[in-house]
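Student: Before we start, here is the structure in question, set down as structure tokens.
Numbering (my numbering), first residue to last: 31 to 386.
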């Protein structure tokens, strides 16, 4: 992985009238990586993409490409191409001519255009579709043509704005794998926008979690999932139990009416904290063996596990287990110290936060 970023955003602000869409946002995107901007609708991720692409000029801050200031550079002069959710293929052109369009604008030799287009179609799994009309393609095939059209121009960075949003679930999953394969095969930078947590975790080298125009956390998918920095990230990425708690001392946290050994340190004595427990990390045991006990309120089969809501003196727990306990059953719950994640209490309570 390259040390130097290919794209750097510094103190970017974007205002739409009275509304601040991005607020003092800074971000480094390393070369040849798959970076996903993840967050709910309206968090500023697409606006960030448009700033990188040159479609939107920030009201404050600078955009750098390989260390050079490109803030004033128009889109067509940037080594960046974009694939939008609406593929915008030319309906009067076949697949070959759709992909070749940008190369013809550059007035490249016909032999070079043909070779480049055919190589890109083969990479995208579209060999043999050259003469197919774009209106006769499936949604997935249209998306591949749009990506091929963007990539054939050999950009250093490809921006993808929720390009899988119009596809059905099965095709989305197939294309997630395909996009990661293409990115690795071409060894270029992909910057991908989505609100789908699973999509981000599946494809990315780096995930940038955003909310209300600000970056909440940057990290690998594993870091984002296992070590969320705040309650928003914990609640947005996967299922979580969020509890209010207190750190009596290092390596000991109190929540849900019980003291638990943990692996966290560096908090002040009795500091108020928030505690994240993932549902799949909870071990269901007989009541006598549990660190806490609770009564199963509901049970839902999820295909690979059962999901239970368990009522306990400290609040409700969401538990995922391969063994089913029936509503009304009293169960015990255990947690290993490294399955308890402690955060400074700095976010508003979410729907899953339990009050002591």
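Beta carbons are placed, not taken as given, at the ideal position from N, Cα and C, and that holds for glycine.
1) Count the other CB atoms, across all protein chains shown, that sit within 10 Å of the CB of residue 136; report buried if there are 16 or more and exposed otherwise.
2) For residue 90, which of 357, 78 and 96 has the nearest alpha-carbon?
3) Does DSSP put residue 219 in a helix, a strand or coil?
4) Report yes if the CB atom of residue 162 is closer than 7 Å to the CB atom of residue 125, and no otherwise.
5) From the DSSP output, in three-state form, read off residue 44 for me.
6) Which of the three DSSP states is assigned to residue 5 in this structure?
7) Report the residue ranges of all alpha helix (DSSP H) runs contained in full by the region 141-198; include only those spanning at least 4 residues, in chain order.
8) Reducing DSSP to helix, strand and coil, say where residue 293 ends up.
9) Of the choices 51, 70 and 61, whose alpha-carbon is the least far from that of residue 81?
10) Skipping 5 residues on each side, what residues in its chain have a beta carbon closer than 7 Å to that of residue 210?
11) Apart from the five residues just before and just after residue 317, which ones in its own chain have a Cβ nearer than 7 Å to its Cβ?
12) Is it true that the region 151-159 meets the region 172-188, where meeting means three or more beta-carbon pairs spaced less than 8 Å apart?
13) Is it right to say residue 32 is buried, meaning 16 or more other beta carbons lie within 10 angstroms of its own, or is it exposed?
14) Can you say whether residue 128 is buried or exposed, counting buried as having 16 or more other CB atoms within 10 angstroms of its CB?
15) Can you tell me whether DSSP reads residue 381 as helix, strand or coil?
16) Here's the rule: buried if 16 or more other CB atoms are within 10 angstroms of the residue's CB, otherwise exposed. What is residue 98?
17) What did DSSP end up calling residue 327 once you bin it into helix, strand or coil?
18) Can the beta-carbon of residue 284 be found closer than 7 Å to that of residue 278?
19) From residue 53 to residue 93, what distance separates their C-alpha atoms?
20) If you measure between the beta carbons of residue 255 and residue 267, is that distance less than 7 Å?
21) Could you give the C-beta distance for residue 29 and residue 309, rounded to a whole number, given that I count them as a contact under 8 Å?
22) When you compare only the Cα positions, how much space is there between residue 111 and residue 43?
23) Please go through the region 100-144 and give each complete beta strand (DSSP E) segment of 3 or more residues, from N-terminal end onward.
24) With H, G and I counted as helix, E and B as strand and the rest as coil, what does DSSP make of residue 58?
25) Can you name, in chain order, every residue of its own chain whose Cβ lies under 6 Å from the Cβ of residue 244, other than the five neighbours on each side?
26) When DSSP labels each residue in this structure, what does residue 50 get in the three-state scheme?
27) 7 Å is my cut-off, CB to CB: does residue 298 come that close to chain B?
28) Residue 326 and residue 355 - do their beta-carbons sit closer together than 7 Å?
29) Classify residue 102: buried if its beta carbon has 16 or more other beta carbons within 10 angstroms, exposed otherwise.
30) Rounded to whole angstroms, what's the CA-CA distance from residue 173 to residue 118? Just pull it up for me.
31) Since residue 236 sits in a beta bridge, which residues does DSSP pair it with?
32) How about residue 67 and residue 56: are their beta carbons less than 7 Å apart?
33) Give me whichever residues DSSP pairs with residue 284 in a beta bridge.
34) Residue 74 by DSSP, collapsed to three states: which one?
35) Are residue 303 and residue 258 touching if we call contact CB-CB under 7 Å?
Tutor: Reading from the atomic positions:
1) Numbered from its first residue, the chain shown carries residue 136 at position 106. Classification of residue 136: exposed, given that the 10 Å Cβ count is below 16.
2) Here residue 90 refers to the residue found at position 60 when the chain shown is read from its first residue. Residue 90 has its Cα closest to that of 78, out of 357, 78 and 96.
3) Counted from its first residue, the chain shown places residue 219 at position 189. It is a strand residue.
4) The residue you call residue 162 lines up with position 132 of the chain shown. The residue you call residue 125 lines up with position 95 of the chain shown. A contact, by the Cβ cut-off of 7 Å.
5) Sequence index remark: in the chain shown, residue 44 carries index 14 (1-based). Here residue 44 sits in strand by DSSP.
6) What the structure shows of the chain is the stretch from 31 to 386, and residue 5 is not part of that stretch, so it cannot be assessed.
7) 169-181
8) Against the chain shown, residue 293 aligns to sequence position 263. If DSSP states are grouped into helix, strand and coil, residue 293 belongs with coil.
9) Here residue 81 corresponds to residue number 51 of the chain shown, with the count starting at 1. The candidate whose alpha carbon is nearest that of residue 81 is 51.
10) Numbered from 1 along the chain shown, position 180 holds the residue referred to as residue 210. For residue 210, where only same-chain residues beyond five positions count, the Cβ hits under 7 Å are 64 and 233.
11) Within the chain shown, the letter at position 287 stands for residue 317. The beta carbon of residue 317 is closer than 7 Å to those of 323, 360, 361 and 362 in its chain, skipping five residues each way along the sequence.
12) Verdict: yes, contact present.
13) As a first step, residue 32 must be located in the chain shown, where it is residue number 2. With a pLDDT of only 44 at residue 32, under 50, the local geometry of the prediction cannot be trusted, and no value is derived from it.
14) For the purposes of this step, residue 128 is taken as the residue at position 98 of the chain shown. When all chains shown are included, residue 128 counts as buried.
15) Here residue 381 refers to the residue found at position 351 of the chain shown. Caution is warranted here: a pLDDT of 34 is assigned to residue 381, below 50, making its placement in the model unreliable, and no coordinate value can be reported.
16) What you label residue 98 is simply residue 68 of the chain shown in a count that begins at 1. Looking at its Cβ environment, which holds fewer than 16 other Cβ atoms inside 10 Å, residue 98 is exposed.
17) Taking the first residue of the chain shown as position 1, residue 327 is located at position 297. Residue state, collapsed to three classes: strand.
18) Residue mapping note: residue 284 aligns to position 254 of the chain shown, counting from 1. Residue mapping note: residue 278 aligns to position 248 of the chain shown, counting from 1. Yes, the Cβ-Cβ distance between residue 284 and residue 278 is below 7 Å.
19) Counting from one through the chain shown, the residue named residue 53 turns up at place 23. Counting from one through the chain shown, the residue named residue 93 turns up at place 63. In this structure, the straight-line span from the alpha carbon of residue 53 to that of residue 93 is close to 15 Å.
20) Here residue 255 corresponds to residue number 225 of the chain shown, with the count starting at 1. Here residue 267 corresponds to residue number 237 of the chain shown, with the count starting at 1. In this structure, residue 267 lies closer than 7 Å to residue 255 by Cβ.
21) Because residue 29 is not part of the residues shown, which for the chain are 31 to 386, the question remains open.
22) Along the chain shown, one-based indexing puts residue 111 at 81. Along the chain shown, one-based indexing puts residue 43 at 13. Approximately 22 Å between the Cα atoms of the pair.
23) 110-113
24) Counting from one through the chain shown, the residue named residue 58 turns up at place 28. DSSP places residue 58 in strand when its eight states are reduced to three.
25) Within the chain shown, numbered from 1, the residue matching residue 244 stands at position 214. Same-chain partners within the cutoff: 53.
26) Here the question's residue 50 lines up with position 20 in the chain shown. Per DSSP, reduced to three states, the secondary structure at residue 50 is strand.
27) Although the question refers to chain B, the structure presented lacks it and comprises just one protein chain.
28) Counting from 1 along the chain shown, the entry for residue 355 is found at position 325. Counting from 1 along the chain shown, the entry for residue 326 is found at position 296. In this structure, residue 326 lies closer than 7 Å to residue 355 by Cβ.
29) The residue given as residue 102 occupies position 72 in the chain shown. So residue 102 counts as exposed.
30) As a position in the chain shown, residue 173 is number 143, starting the count at 1. As a position in the chain shown, residue 118 is number 88, starting the count at 1. Straight-line Cα distance between these residues: approximately 10 Å.
31) Translated into the one-based positions of the chain shown, residue 236 becomes position 206. Paired residues: 65.
32) Your numbering for residue 67 matches position 37 in the chain shown. Your numbering for residue 56 matches position 26 in the chain shown. No; because the gap between Cβ atoms is not below 7 Å, this pair is not in contact.
33) As a working note, residue 284 is residue 254 in the chain shown. Answer by DSSP bridge pairing, in chain order: 276 and 289.
34) Locating residue 74 in the chain shown gives position 44, counting from the first residue. The answer is coil: DSSP assigns residue 74 none of H, G, I, E or B.
35) Mapped onto the chain shown, residue 303 falls at position 273. Mapped onto the chain shown, residue 258 falls at position 228. No, these two residues do not count as a Cβ contact at 7 Å.
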